[in-house]
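Q: Here it is, the structure in full.
Protein chains: 2
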Amino acid sequence: MSHTALKESVLEKVQAAKQAARYLGTLREAEKNAALLAMADSLRTDRDFIFQANEEDVKEARKSGIPEPRIDRLVITEKRLNEMIEGLHQVAGLEDPVREVIETIQRSDGLMIEKVRVPFGVIAMIYESRPNVTVDAAGLALKTGNAVVLRGGKEALRSNMALVDALRKGLANRHIPVGALQLIDRTERESVDILIRAKGLVDLAIPRGGAGLIGRVLENALVPVIETGVGNCHLYVDRAADPDMATAIVLNAKTQRPSVCNAIETLLVHEKIANEWLPAAIDALREHGVQIRGCRKTQAIIGEGNLTPATDEDYAAEFLDLVLAVKIVSSIDEAITHIEKFGTRHSEAIITEDREAAEKFLTQVDAAAVYHNASTRFTDGFQFGFGAEIGISTQKLHARGPMGLRELTSYKYRIRGSGQIRT
Amino acid sequence: MSHTALKESVLEKVQAAKQAARYLGTLREAEKNAALLAMADSLRTDRDFIFQANEEDVKEARKSGIPEPRIDRLVITEKRLNEMIEGLHQVAGLEDPVREVIETIQRSDGLMIEKVRVPFGVIAMIYESRPNVTVDAAGLALKTGNAVVLRGGKEALRSNMALVDALRKGLANRHIPVGALQLIDRTERESVDILIRAKGLVDLAIPRGGAGLIGRVLENALVPVIETGVGNCHLYVDRAADPDMATAIVLNAKTQRPSVCNAIETLLVHEKIANEWLPAAIDALREHGVQIRGCRKTQAIIGEGNLTPATDEDYAAEFLDLVLAVKIVSSIDEAITHIEKFGTRHSEAIITEDREAAEKFLTQVDAAAVYHNASTRFTDGFQFGFGAEIGISTQKLHARGPMGLRELTSYKYRIRGSGQIRT
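The listed protein sequences correspond, in order, to chains H and G. Quick note: the first sequence uses the working numbering, first residue -13, plus one each step. Quick note: the second sequence uses the working numbering, first residue -13, plus one each step.
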């Protein structure tokens, strides 16, 4: 496809989304909820077609040698489809944030200024191979009155087409313009660039995936972007830590689900507690299958031969696996400085019984979620009680940490007068 | 200067700002207020030096043929310096938004999640020739615990250096690290690019100026940006408008201060009221020195020879001058569609006694501020009661419309536990 034809094909969908967006902003909650349930019904009705499309994707992915963990993310099992359907039901049950009056300013001249929550308009989602993102994003966007343009991974295209086809039937059944839900079916990387440069049409782009995907989007976007997901999280065990609590939390934060962004990647240990606490903690981690990469001081304690040395590359890595870097620090300041240098501003925790040290850590560590005496694994829209999650923001503009429905809205000032002019 | 040397010179300042930022976030309100007053005192003490530097800038600007309106923006008069000083006093009097607990979530397992307001960290301001922005930005950043890196227009460099020098003396007098306030003294355009691509160091960039400046920043930035200021605003006079109110408001919105972003640039008139209302309204506008550019239907009413025809270019223009495009529309929908096509999402107004039409306009027009029966000139942080304004956002991410102190903050989740792990 020529560049011009590709551009036309992408922008046509974005324009259709924008047209639908104006109408979506006026929908009442009951209409949106009915459509969400109809979308869920359609997924159920079209299940065979969806499984078939997914099987073709999986077969093709295997043929082109895509590694098994990525194929696992691609597969739509019976259970996963049911979870997608259940997810739409859950979103229908959440409170609609649109039209909330956030603040009222009454001027002495009678002018009434209301700050009111509104949809963004058109949201572009750029993601990788998980087809559940397709359904999640469609549901959350509709609930918040946004049109959405989806650009999923190449290897999931057939699955996404089948899912979107079903979801649009649900919309149509409830007389919602199907323009509200768009899927970019072009697999050229350039189609992403066209989407994220469509200023005036796309109000927000949310990349969801690895550091490579997010970096490319930031590099090329002209529309506002929310960075999500990359989590190089740390647990700092202070000199005044309760040793048993520290062990329980490091095991949980590293091993309960190592492949997710809120799992820890580096353990920082105060030198005053390291001799006493670290050997048993490392034994426990190893029992859970964790490979340790340690700094020199860690090696000195554990025995050099027993440990892979940790490099700066390890400290910078988001392993997403049963691998943990361990570094002994001589002060809380060194821990904070290490986190500032290597952290991705996601989730950071301190274990200590020293209240002052805890407050210092909570205040000075710059991250979406800072924890005292708890596992980083709680950074999650469901755990925070949002009822839904579109991603976890690691930037500071607009939304930070787990993003639920409210984070998918903007606001406007609605001002009512009786002829007021400025003098 | 070589690219490498320029990059080093800019990044050195950004790094110094980042280092200061960690400390600024811990400052108490009283300390920040004392420093703001000390900054104001320094401006007073250094006034002669500031005026002298500014005179040199103005002389140089005249020599290089910079047009008079831009030179006028550059001049620091006695009155303007006093306003800058007064501005710092006002900011000291405003409430500090930092550390506000926005929300508390208590989980059944005892985990206590607090959403707390925090500074961004390092803010980059990119602006043109007005030196008052230097002082405003320095004051608002300090009050919100942010470090700020300023990059003003080339022609104001000597003035900005003198101002920043004085402001830093004020900081030093109150033992605040002067790293908190940085001025990029390189005039190469590339220095802006280095600043807005300093990911991990700069948390937010705010360009303030014309469409050209803002477009360049969006094109090149890797850090989050808030778009500000470009205002192509409309007044729509509905068929059910009160004619006298409509005249009073169009005059105010166009002529009270035509050079600002919340002044209107296009008047849309419903055809059912145009014959009766428009001729007298245009006479009144002309009496105030306004040049009219009209659509065909306007020409038919006013007389073809009496009117410059309006083109799409006129509809897209932010005149910032006593020029007004006039278009007659056959419905409120046509008005809304015109605004969607040409507006910059800043401020839009409808004049009508028809409540339903008003609600439709307020809901469907996508802009930071939507008005019913009032002038667009109220879109302003001071008019909204914020007590300060760093700019007017025309995007939907994070902040929309006038940005005061709160809009210069982010939030983090501060979570306190007693050993909670995720099961």
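For glycine and all other residues, C-beta sits at the position ideal for the given N, C-alpha and C.
Thinking just about the alpha-carbon of each residue, which of ILE36(H), GLY275(H), SER94(H) is nearest to the one in MET70(H)?
A: As a working mapping, residue 70(H) is identified with position 84 in the first sequence. Nearest of ILE36(H), GLY275(H), SER94(H) to MET70(H), Cα basis: ILE36(H).
Q: Give the residues of chain G in contact with LYS258(H), contact being defined as C-beta atoms less than 9 Å apart.
A: Your numbering for residue 258(H) matches position 272 in the first sequence. Residues of chain G passing the Cβ test: none, with the nearest at roughly 21 Å.
Q: Contact criterion: CB-CB distance below 8 Å. Does GLU251(G) meet it with respect to chain H?
A: Taking the first residue of the second sequence as 1, we reach residue 251(G) at position 265. No, GLU251(G) does not count as interfacial toward chain H.
Q: Given a limit of 7 Å on CB to CB distance, which residues of the region 87 to 119 of chain H reach chain G?
A: Taking 7 Å as the Cβ-Cβ cut-off against chain G, the residues of the region 87 to 119 of chain H that qualify are ILE91, LEU97, ILE99, PHE106, GLY107.
Q: Show which residues of chain H have a CB atom less than 7 Å away from the CB atom of MET231(G).
A: Here residue 231(G) is taken as the residue at index 245 of the second sequence, counted from 1. Simply GLY405.
Q: Threshold first: 3 residues or longer. Then list the beta strand (DSSP E) segments lying entirely within the region 65 to 118 of chain H, N to C.
A: You should have 87 to 92, 98 to 105, 108 to 113.
Q: Any chance you could list the alpha helix (DSSP H) runs of at least 4 consecutive residues sitting entirely within the region 300 to 387 of chain H, in chain order?
A: Listed in chain order, the complete alpha helix (DSSP H) runs (minimum 4 residues) inside the region 300 to 387 of chain H are 318 to 328, 341 to 350.
Q: Whether or not the region 188 to 208 of chain G and the region 363 to 378 of chain H are in contact is what I'm after, with contact meaning three or more pairs of Cβ atoms, one per stretch, closer than 8 Å; do they touch?
A: Flag = no, the region 363 to 378 of chain H and the region 188 to 208 of chain G do not touch.
Q: According to the Cβ coordinates, are THR349(H) and GLY11(G) closer than 8 Å?
A: Residue 349(H) sits at position 363 when you count from the first residue of the first sequence. Residue 11(G) sits at position 25 when you count from the first residue of the second sequence. In this structure, GLY11(G) lies closer than 8 Å to THR349(H) by Cβ.
Q: What are the complete alpha helix (DSSP H) segments, minimum 4 residues, inside the region 210 to 287 of chain H?
A: Taking only runs of at least 4 residues, the alpha helix (DSSP H) segments lying wholly in the region 210 to 287 of chain H are 229 to 241, 257 to 273.
Q: For GLN350(G), which residues in chain H fall below 8 Å Cβ to Cβ?
A: The sequence position of residue 350(G) within the second sequence is 364, counting from 1. Ordered by position in chain H, the residues that pass the 8 Å Cβ test against GLN350(G) are ARG8, GLY11, THR12.
Q: Residues of chain H with a CB under 7 Å from the CB of HIS384(G): which are they?
A: As a working mapping, residue 384(G) is identified with position 398 in the second sequence. The answer, in chain order, is LEU383, HIS384.
Q: For VAL164(H), which residues in the same chain have their Cβ closer than 7 Å to its Cβ, ignoring the five residues on either side in sequence?
A: Reading the first sequence from its first residue, position 178 is the one you call residue 164(H). ARG154, LEU157, ALA158.
Q: Taking C-beta to C-beta, are LEU60(H) and ASP43(H) nearer than 8 Å?
A: What you label residue 60(H) is simply residue 74 of the first sequence in a count that begins at 1. What you label residue 43(H) is simply residue 57 of the first sequence in a count that begins at 1. Yes, Cβ-Cβ distance for LEU60(H) and ASP43(H) is below 8 Å.
Q: On the criterion of 16 or more Cβ atoms from any shown chain inside 10 Å, does VAL87(H) qualify as buried, or is it exposed?
A: Here the question's residue 87(H) lines up with position 101 in the first sequence. Per the 10 Å Cβ criterion, exposed.
Q: Can you tell which of ASP319(G), ASN19(G), TYR113(G) has its C-alpha closest to the C-alpha of THR410(G)?
A: In this structure chain G extends from -13 to 409, so residue 410(G) is not present and cannot be described.
Q: In chain G, what lies closer than 9 Å to ALA234(H) by C-beta?
A: Residue 234(H) sits at position 248 when you count from the first residue of the first sequence. Simply GLY405, ILE407.
Q: Using 8 Å as the threshold, is the C-beta distance between LEU308(H) and LEU126(H) below it?
A: Position 322 of the first sequence, counting from 1, holds the residue named residue 308(H). Position 140 of the first sequence, counting from 1, holds the residue named residue 126(H). No, Cβ-Cβ distance for LEU308(H) and LEU126(H) is not below 8 Å.
Q: Would you report the Cα separation of ASP171(G) and LEU143(G), rounded to the nearest angstrom?
A: For the purposes of this step, residue 171(G) is taken as residue 185 along the second sequence, with counting starting at 1. For the purposes of this step, residue 143(G) is taken as residue 157 along the second sequence, with counting starting at 1. ASP171(G) and LEU143(G): Cα-Cα distance of roughly 7 Å.
Q: Measure from the C-beta of ALA360(H) to each C-beta in chain G and report whether the shortest distance is under 8 Å.
A: The residue you call residue 360(H) lines up with position 374 of the first sequence. Chain G contact via Cβ: present.
Q: Per the DSSP calculation, GLN406(H) is bridged to which residue(s)?
A: For the purposes of this step, residue 406(H) is taken as the residue at position 420 of the first sequence. In DSSP, GLN406(H) forms a bridge with ALA360(G).
Q: Mind listing which residues of the region 178 to 189 of chain G have their C-beta closer than 8 Å to chain H's C-betas, in chain order?
A: Those residues of the region 178 to 189 of chain G that come within reach of chain H (Cβ to Cβ, closer than 8 Å) are LYS185, ASP189.
Q: How should GLU141(G) be labelled, buried or exposed, when 16 other C-beta atoms within 10 angstroms of its C-beta is the threshold for buried?
A: Looking up residue 141(G) in the second sequence gives position 155. Counting Cβ neighbours within 10 Å, GLU141(G) comes out buried, since at least 16 surround it.
Q: On the DSSP bridge list, what partners appear for SER396(H)?
A: Against the first sequence, residue 396(H) aligns to sequence position 410. Per DSSP, VAL104(H).
Q: At a Cβ threshold of 8 Å, is ASN238(G) touching chain H?
A: The count along the second sequence starts at 1 and reaches residue 238(G) at position 252. ASN238(G) counts as touching chain H.
Q: Can you tell me whether PRO410(H) is helix, strand or coil according to DSSP?
A: Absent from the model: residue 410(H). The displayed extent of chain H is -13 to 409, so no value can be given.
Q: By Cβ distance below 6 Å, which residues in the same chain neighbour ALA232(G) in space, the five residues on each side in sequence not counted?
A: One-based indexing of the second sequence puts residue 232(G) at position 246. Closer than 6 Å at Cβ, skipping near neighbours: VAL223, ILE337.
Q: Between the beta-carbon of ALA355(H) and the beta-carbon of GLY387(H), is there less than 8 Å?
A: Reading the first sequence from its first residue, position 369 is the one you call residue 355(H). Reading the first sequence from its first residue, position 401 is the one you call residue 387(H). It is a contact, given that the beta carbons lie within the stated cut-off.
Q: Looking at the unbroken alpha helix (DSSP H) that takes in VAL150(G), where does it start and where does it end?
A: Locating residue 150(G) in the second sequence gives position 164, counting from the first residue. Start and end: 143 to 159.
Q: Does any residue of chain H have a CB that is nearer than 8 Å to the CB of ALA302(G)?
A: Mapped onto the second sequence, residue 302(G) falls at position 316. Not an interface residue.
Q: Considering only the beta carbon of each residue, do GLU334(H) and HIS220(H) sit closer than 8 Å?
A: Start at 1 with the first residue of the first sequence, and residue 334(H) comes out as number 348. Start at 1 with the first residue of the first sequence, and residue 220(H) comes out as number 234. Yes.
Q: Under DSSP, the beta strand (DSSP E) around VAL134(H) begins and ends at which residues?
A: Translated into the one-based positions of the first sequence, residue 134(H) becomes position 148. 133 to 137 is the span of the beta strand (DSSP E), which, as asked, contains VAL134(H).
Q: Does any residue of chain H bring its CB to less than 8 Å from the CB of TYR417(G)?
A: There is no way to answer for residue 417(G), as the model of chain G reaches only from -13 to 409.
Q: Name the DSSP beta bridge partners of GLN168(G), please?
A: In the second sequence, the residue the question calls residue 168(G) occupies position 182. Answer by DSSP bridge pairing, in chain order: VAL135(G).
Q: Comparing C-alpha positions only, which one of ALA39(H), ARG48(H), ALA24(H), LEU190(H) sits nearest to HIS384(H)?
A: Taking the first residue of the first sequence as position 1, residue 384(H) is located at position 398. The shortest Cα separation from HIS384(H) among ALA39(H), ARG48(H), ALA24(H), LEU190(H) belongs to LEU190(H).
Q: Measure from the C-beta of ALA353(H) to each C-beta in chain G and report whether the shortest distance is under 8 Å.
A: By one-based count along the first sequence, residue 353(H) stands at place 367. Yes, ALA353(H) lies at the interface with chain G (some Cβ there is under 8 Å from its Cβ).
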